[in-house]
Amino acid sequence: MTLRSLLVGTGSALPRTAVSNAELAARVDTSDEWIVERTGIRNRYIAQPDETTATLGAEAAKRALEAAGLTPADIGLIIVATATPDNTFPATATKVQALIGTPNCVAFDVAAVCSGFLYAVTVADSMLRTGAAQHALVIGSETFSRILDWEDRTTCVLFGDGAGAIVLSAQDVDAVGHEGPGILTTRLHAEGQYGDMLYVDGGPSTTGTVGHLRMQGREVFRHAVTNLSSVLGEVMADIGIAPSEIDWVVPHQANRRIIDATAKKLGLPAERVVVTVDQHANTSAASVPLALDQAMRDGRIQAGDLVVLEAMGGGFTWGAAVVRL
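Under our numbering, the first residue of the sequence shown carries the number 39, and numbering increases by one thereafter.
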């Protein structure tokens, strides 16, 4: 028998307010055609003042628990991946804990921007397999609209708000290699020297302000395709699989052109790649679990499927994971 972290439930949450490209063009010097051609984005959701990273994360967590058939009292670990916490401290994870009614447990945040969910999954998997908890909530939740410069049309059109969550459960499975359910492998990377290509120009220890997102889009695109292709190759090599054996890839939903270029570089057919960037825009750490939940609930991803998750974000940080559902 092998102890693995099984993905037993997913959930997601979006703010009440959807904003189309046409609506955005009414306040920013842009157009639907310009945004779609360069990014594939057609819509995004923007949080209202009463909607925060914690409240969206809690809503997604409740739906994931319901899908898993568990209660808040079953959870021993909560990790929230976010670059837009409700407060500098306490951790947003502790706010989620209070909102969903989970009793005393381990709760903390992970900050790796768009790769945050992959980092959080890796940490949760390690903790579950060492006995720190039986069941874990791993959440990606963001309110990026709070840190956008709405005068900068090259960045403000790209992002949206939302949350996604999964429940992982430590279970013994009678399986070896890439057979049987559970998280099979994860790989993480960081290259801090590229931090000035995608960053926020504020922070408690520097400016004392929240700041705004800044990005060198062309450079980010180039690094994203290279890094994501590389890390996907790594996780496939880890468990000895070829691209033809992958049922689904759930990529970070930043830009349709990045998604397509990465898939093409690895020889992955487009029909096996989950794409939601047109609906939600880039929701940073929330984008992978949001897309995963949508594909699970609409029936595309089913039990037994071999699924690859991948993302790259500011830092630069990037990573990938392979899970058998």
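Beta carbons are placed, not taken as given, at the ideal position from N, Cα and C, and that holds for glycine.
**Cβ neighbours of residue 103 in the same chain (closer than 7 Å, five flanking residues each side left out)** = Answer for residue 103: 47, 109, 110, 205, listed in chain order.
**Request:** Quick one: residues in its chain with C-beta nearer than 8 Å to the C-beta of residue 188, no 5 flanking neighbours on either side, listed in chain order?
**Result:** Closer than 8 Å at Cβ, skipping near neighbours: 65, 66, 194.
**Asked** Apart from the five residues on each side of it in sequence, which residues of its chain come closer than 7 Å, Cβ to Cβ, to residue 90?
**Response** Excluding five sequence positions before and after residue 90, the CB atoms of its chain that fall closer than 7 Å to its own CB belong to 124, 181, given in chain order.
**Request:** Quick one: measure Cβ to Cβ for residue 326 and residue 304, integer angstroms, because I've assumed they're closer than 8 Å.
**Result:** So it is not a contact: roughly 17 Å between Cβ atoms.
**Prompt:** By Cβ distance, which residues of its chain are closer than 6 Å to residue 163, with the 5 residues on each side in sequence left out?
**Reply:** Taken in chain order, the residues that qualify are 43, 221.
**Request:** Determine the DSSP secondary structure at residue 53, reduced to helix, strand or coil.
**Result:** DSSP, reduced to helix, strand and coil, places residue 53 outside both helices and strands of the structure shown, so it counts as coil.
**Asked** Of all the options 92, 126, 51, 105, which has the alpha carbon lying nearest to the alpha carbon of residue 243?
**Response** With distances taken between Cα atoms, residue 243 lies closest to 126.
**Prompt:** Looking only at its own chain, which residues have a Cβ that is under 8 Å from the Cβ of residue 165, when we skip the five neighbours before and after it?
**Reply:** The residues are 115, 144, 171, 174.
**Asked** What whole-angstrom Cβ distance do residue 287 and residue 315 have, given they're in contact under 8 Å?
**Response** Cβ atoms of residue 287 and residue 315 stay farther apart than 8 Å, at about 13 Å.
**Item:** Residues near residue 258 in its chain [Cβ-Cβ closer than 7 Å; skip 5 each side]
**Value:** Contacts found: 235, 236.
**Request:** Starting from the C-beta of residue 146, find all residues in its chain whose C-beta is less than 6 Å away, skip the five residues before and the five after it, and write them out in chain order.
**Result:** These residues qualify, in order along the chain: 129, 131.
**residue 133 classed as buried or exposed, judged by whether at least 16 other C-beta atoms fall within 10 angstroms** = Here residue 133 is buried. Its C-beta has 16 or more other C-beta atoms within 10 Å.
**Prompt:** Beta-carbon separation of residue 186 and residue 250 under 8 Å?
**Reply:** For residue 186 and residue 250, yes; Cβs fall inside 8 Å.
**Request:** Using DSSP bridges, identify the partner residues of residue 167.
**Result:** As DSSP reads the structure, residue 167 sits in no beta bridge.
**Request:** Compare the C-alpha of residue 23 against each of 151, 93, 233, 256 and name the closest.
**Result:** Coverage of the chain is limited to positions 39 through 363, which leaves residue 23 absent and any answer about it impossible.
**Prompt:** Closest by CA to residue 360, which one among 45, 40, 184?
**Reply:** Nearest C-alpha to residue 360: 45.
**Message:** Which same chain residues end up closer than 8 Å to residue 233 when comparing Cβ atoms and leaving out the 5 residues on each side of it in sequence?
**Reply:** Result list for residue 233: 352, 353, 354, in chain order.
**Asked** What number of angstroms, rounded off, separates the C-alpha of residue 330 from the C-alpha of residue 153?
**Response** Looking at the two C-alpha atoms, the distance is approximately 15 Å.
**Asked** Closest to residue 60 by CA distance: which of 70, 150, 54, 308 is it?
**Response** Of the listed residues, the one whose Cα sits closest to residue 60 is 70.
**Request:** My understanding is that residue 262 touches residue 334, with C-beta atoms under 8 Å, so please give their C-beta distance in whole angstroms.
**Result:** With a Cβ gap of about 25 Å, residue 262 and residue 334 do not count as contacting.
**Item:** residue 243 in three-state terms, based on DSSP
**Value:** If DSSP states are grouped into helix, strand and coil, residue 243 belongs with coil.
**Item:** residue 356 - partner residues in DSSP beta bridges
**Value:** Residue 356 pairs with 227, 350.
**Request:** Determine which residues share a DSSP beta bridge with residue 48 and list them.
**Result:** Beta-bridge partners of residue 48 (DSSP): 204.
**Prompt:** What span of residues does the alpha helix (DSSP H) with residue 118 cover, start to end?
**Reply:** That residue, residue 118, is in no alpha helix (DSSP H); its beta strand (DSSP E) goes 115 to 119.
**Prompt:** Nearest-angstrom Cα distance between residue 276 and residue 63?
**Reply:** Rounded to whole angstroms, residue 276 to residue 63 spans 45 Å at the Cα level.
**Request:** Tell me whether the beta-carbon of residue 323 lies closer than 8 Å to the beta-carbon of residue 198.
**Result:** No. Outside cutoff.
**Asked** residue 344 and residue 284: beta carbons closer than 8 Å?
**Response** In this structure, residue 284 lies closer than 8 Å to residue 344 by Cβ.
**Item:** Same chain, Cβ closer than 6 Å to residue 238, neighbours up to 5 away in sequence not counted
**Value:** Closer than 6 Å at the Cβ level, and outside the excluded window around residue 238, lie 185, 249, 251.
**Asked** Since residue 267 contacts residue 300 with CB under 8 Å, what's their CB separation in whole angstroms?
**Response** About 6 Å separates the two Cβ atoms, so the contact holds.
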